[in-house]
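Numbering (our numbering), first residue to last: 38 to 1164.
Beta carbons are placed, not taken as given, at the ideal position from N, Cα and C, and that holds for glycine.
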RNA sequence: AGAUCCGUAGCUCAGCCUGGUUAGAGCACUACACUGAUAAUGUAGGGGUCAGCAGUUCAAAUCUGCUCGGGUCUACCA
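Here it is as structure tokens:
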């Protein structure tokens, strides 16, 4: 007996998935999908490594679904797609997790716990949830190689990172410099931005703020200020720049004043409120109100009363910030420690930068390069040098007179602490150098461990000189295909434009150590690029410095490149001095950015030959990536570091296409967080609804890059609508194909010999294949999914299957029936393949169910076969168009029936369709039978112009006409609106029509208007677009009788079903007490018998044991039993 | 604070790039129909100042600017 298509009680996605998963594992389906394509063109994919020290969330499902579907699609397109998995294992979250677990802080490391033990803990914690991740990977159907992942803490991985760093070092792109970082003097350590973002670090505090006055140096550049000041009679001679600060302790370190180029500034004549001396001050015009009262403008300067509140002022000049650039001023608080020479630059000048605002202060920013990132940046730009007059404990250095040795904030909890900021302010007041001193409340960051205020402090750090190749990176970025485009041009593009050098240094314990050894004075250094090199250097050091040094490493090979071991290694410089390792670790983002190289590790032979790319195979075929995908939050993370390293190391892009997916929010649009308790557990979601439904929902609901409001209701809908429909269609097919034993053994019937409707669905299917392929090729899976969704629902299930149902269950196993089976089979199998990238389980299941019976494909998994290719020869747009007409016409008729309340079972005589052009009639003609049977009407009559029934409507074709007439459009439109029926026919007959618009002639062409039929006088019509349909709603006695017969058939079918008869059972029917219905039943007896499979239909006068039913509100008694032949 | 994305029906989204006059789907809701796919399906209906304002244009959901609201990233700064 032939194999049967599997039939099911109901759709159960999770159980299908379990079954398919088991099959994949058994058959090594993933491995096979790669090995089958051996020798084929590679499609290179990079897996962004997740960190397995936290639980995976639903947002991981979307990015992985995205990655998976692209890889599966490309595999089906014939490419070989290797997918090496990876784990990100270093970094602060892991350290923090370990500290929390052990109940320790950073200070305890090296005291309560050794670095060795600490790092061992980190190593253990790193893959804590690896099982969960692997489990999710499996369950969601993400095909990635988990057997041989790259792990960033592996020696071979770190070794490759070292090699990369050394390459940068050799190119002169690695340098040590200071950078301004958050620093906690109380804790004696720098803080990362992550630490600064701990809750509660920003606190509202009241600080002493001061507006200091910097005296302008009089010279040629500043002449315009002094001249303006002197013009005003009786004004003081001196000009001051006003600058505000909330940290007066930074004033001794001041080296510049920064203004905004386009900000309006004014020179104001007034008095110093403390010394009452006449002064001229410069500040932003927009901030005048903060210091001066409008009513005192142009007040009486001569009558100024120092004791009174009234401070007269007047504007002497107004100018843009640009005019102030390069002006010089006298140092505010000169001391031996802060002379211009000690600054190392050319300080005390006015600078321009765009960070200046007029929100607060004076619009002139006091700039102390050591204590602010902006200050440092602008200071560097202008070369004003740098002064760090506060030491690491937070106190002033020597050489600052009365302030030396004082803490700038109360870091030591001194009970008698006197605020040095107040003292500085008082000094300024006395020296006529302060305009306003007051307490100011603002939000300021505090160290999350000591609760003391942070200060921004220059710390040594190693940098990669990314700015050196900024232009090249921008250029390379333009060749990358970004999805969405805006992220690449906007967010990423801007980021590149504003790039700063990459600060690599991290003062941590668990991470990749910087492979640089230096002599104590920093005059000699070495950057190590491999383990072999390190060993050689160790041996050398042992020889030069003596055998005791590095005694742990006398053997070959270092067991662990992490701290503390590498820190114990002492190397020797060229001149024979000992060198120690720079204590920093590197930014974990370097780890992941270097994964294209480090995932393979170094090839020792290539290394020895000094090759440019000494990485193990298959690096050669795996760089750059064709495709990567991660969340948008990686734009400045992984996307950036990959790009930077690709450009820095090999002047190449690291990836050709990048898809950045948006966030997953909860159903109300809030970010998911543990705190809010609105996180969606991916495991239970998949378990309950299935991975495919989840994937389909995630992909089709919104473009991957839009943020997605995750709602379980949406998954349910997808389950019901898409999967339910597709499953039903399959189930329908299987049911009848099994009855008829269809196994696609017959030769395919040439498509042009199949019925019109088969040709149509196949044409639509090929169009679908074309569009879906285009969408996937363009990395638009949402479009692809929606197209498939629509086809399955609207075309296949709702039209093709519905209209063709009878073909499957009626009659013999004829050519027509075989055609129907072949057509539906092709549709189902093609859909399985089209959707396979998104719905890997269901597609494989569907494909398997079909293929196991027909054996049409030698390969048993849908993921091993090729993606469908559109057969253009089967696409018939005319056919698709007329089927659309049929659907529209049917819909219109049903809508008319609805309006007059005549049910579809009641046959009607005719519909009228006005046709304005012969082509339309030809089109409808071909689908006439479909329309008639669908709406249960006997005939279609076409009304043409000649009949004179049609009333036409004319409308301008704005698109065509607008281009030509432009601004006359309104007048033309009005003129057309006034057309009568005669005008319209004239235009139709002659193809053009002369108008007069604004007393100018205008020839209207026929293609510049749209003519539709509006009405058929005396009929009820309905229309959609150019199609208008009228329905004859007269129910003649004949039609009524037929309607009764149909109604009876419906009742008997119900009885059959209620009685539980088999589809093929034949029955006997008796009808009694039929009254007025009797005539109907007698007349249509043959029809009724055929429909309900009755061997006998008797209409009797009286029936005793029948069932009382109603047919069109008329009572009748009916008796049904199985025919003896069926029993 | 800056950059960027988003704002269309009660909800989820198309349409916007390339302007064209009645703004579409699905879900939900209401009514009806179908009943040999049946815990399925269909049809119809109500439901919109296309966030707001201004501009460009004969014509704006669509292009431009601004404002408001939401998300994200980067900052946190005198």
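List in chain order: all unbroken beta strand (DSSP E) runs of 3+ residues lying wholly within the region 390 to 467. Along the length of the region 390 to 467, whole beta strand (DSSP E) runs at least 3 residues long occupy 401 to 404, reported in chain order.
Can you give me the Cβ contacts of residue 375 inside the same chain, cut-off strictly under 8 Å, excluding the 5 residues immediately before and after it? Cβ neighbours of residue 375 beyond the five flanking positions: 289, 290, 368, 424, 426, 436, 437.
If you draw a straight line from the alpha carbon of residue 240 to that of residue 138, how long is it in whole angstroms? The alpha-carbon atoms of residue 240 and residue 138 are separated by roughly 27 Å.
Do residue 729 and residue 879 have their CB atoms nearer than 8 Å? For residue 729 and residue 879, yes; Cβs fall inside 8 Å.
Apart from the five residues just before and just after residue 41, which ones in its own chain have a Cβ nearer than 6 Å to its Cβ? Its chain contains 775 as the residues whose beta carbon lies nearer than 6 Å to that of residue 41, once the 5 sequence neighbours on both sides are disregarded; these appear in chain order.
For the candidate residues 738, 969, 457, 471, whose alpha-carbon lies nearest to that of residue 704? Checked all of 738, 969, 457, 471; the closest Cα to residue 704 is 738.
State the beta-bridge partners of residue 1136 as determined by DSSP. Beta-bridge partners of residue 1136 (DSSP): 1108.
Identify every run of the alpha helix (DSSP H) within the region 191 to 267, keeping only runs that are complete inside it and at least 4 residues long; order them along the chain. Listed in chain order, they are 192 to 207, 230 to 233.
Can you tell me the Cα-Cα spacing of residue 286 and residue 245, whole angstroms? Rounded to whole angstroms, residue 286 to residue 245 spans 10 Å at the Cα level.
Check residue 307 in the structure and name its three-state DSSP category. Here residue 307 sits in strand by DSSP.
Taking the Cβ atom as the reference point for each residue, do residue 629 and residue 86 lie within a distance shorter than 8 Å? For residue 629 and residue 86, yes; Cβs fall inside 8 Å.
Distance check for residue 779 and residue 38, CA to CA, integer angstroms please. Interpretation of residue 38 is limited by its pLDDT of 42, a score under 50 that renders its predicted location unreliable; no figure is taken from the coordinates.
On the DSSP bridge list, what partners appear for residue 1031? According to DSSP, which records beta bridges pairwise, residue 1031 is partnered with 1040.
How many Å lie between residue 652 and residue 692 at the Cα? Rounded to the nearest whole angstrom, the CA to CA distance from residue 652 to residue 692 is 18 Å.
8 Å contact criterion, which residue 680 and residue 514 should meet: CB distance rounded: The distance from the Cβ of residue 680 to that of residue 514 is about 7 Å, consistent with a contact at the 8 Å cut-off.
To the nearest angstrom, report how far apart residue 814 and residue 808 are at their CA atoms. A direct Cα-Cα distance of roughly 10 Å separates residue 814 from residue 808.
So what does DSSP say about residue 275, is it helix, strand or coil? In the structure shown, residue 275 sits in coil (DSSP, three-state: anything other than H, G, I, E or B).
Taking the beta carbon of residue 1040 as the centre, do at least 16 other beta carbons fall within 10 Å, making it buried, or is it exposed? Exposed.
Buried or exposed for residue 937, please, with buried defined as at least 16 other CB atoms from any protein chain shown within 10 angstroms of its CB. In summary, residue 937 is exposed, with fewer than 16 beta-carbon neighbours lying within 10 Å of its beta-carbon over all protein chains present.
Sort 122, 919, 151 by Cα distance to residue 180 and report the nearest one. Checking every option, the nearest Cα to that of residue 180 belongs to 122.
Measuring alpha carbon to alpha carbon, tell me which of 92, 507, 546, 540 ends up nearest residue 151. Ranking the options by Cα distance to residue 151, first place goes to 546.
In the structure shown, what three-state DSSP assignment does residue 966 receive? Helix at residue 966.
Residue 972 versus residue 946 - alpha carbon distance: When only Cα atoms are considered, residue 972 and residue 946 end up about 11 Å apart.
So is residue 81 buried or exposed if we call it buried at 16+ other beta carbons inside 10 Å? Buried: at least 16 other Cβ atoms inside 10 Å.
Given a cut-off of 8 Å on the beta-carbon distance, is the pair residue 632 and residue 206 in contact? No.
Once the 5 residues before and after residue 203 are set aside, which same chain residues still bring their CB inside 6 Å of it? Within the same chain, residue 203 has close Cβ partners 564, 566.
Answer yes or no: do residue 1013 and residue 1038 have a C-beta to C-beta separation smaller than 8 Å? No; because the gap between Cβ atoms is not below 8 Å, this pair is not in contact.
With a threshold of 16 other CB atoms inside 10 Å of the CB of residue 1081, please say whether the residue is buried or exposed. Looking at its Cβ environment, which holds 16 or more other Cβ atoms inside 10 Å, residue 1081 is buried.
CA-CA distance, residue 1132 and residue 1105? Spanning the two alpha carbons is a distance of roughly 6 Å.
Inside the region 825 to 876 only - alpha helix (DSSP H) runs reaching at least 4 residues: For the region 825 to 876, whole alpha helix (DSSP H) runs of length 4 or above, ordered along the chain, are 839 to 846, 852 to 872.
What's the call for residue 140, buried or exposed, on a 16-neighbour Cβ count within 10 Å? Label assigned to residue 140: exposed.
Euclidean distance between Cα positions of residue 657 and residue 79: The straight-line gap from Cα to Cα measures roughly 11 Å.
Would residue 1100 be called buried (16 or more neighbouring beta carbons within 10 Å of its own) or exposed? By the Cβ-count criterion, residue 1100 is exposed, with fewer than 16 other Cβ atoms from all chains shown falling within 10 Å of its own Cβ.
Is the separation between the beta-carbon of residue 529 and that of residue 395 shorter than 8 Å? With respect to residue 395, residue 529 sits apart: the two C-beta atoms are not nearer than 8 Å.
Should residue 88 and residue 668 be called a contact, given that it needs their Cβ atoms to be closer than 8 Å? No, Cβ-Cβ distance for residue 88 and residue 668 is not below 8 Å.
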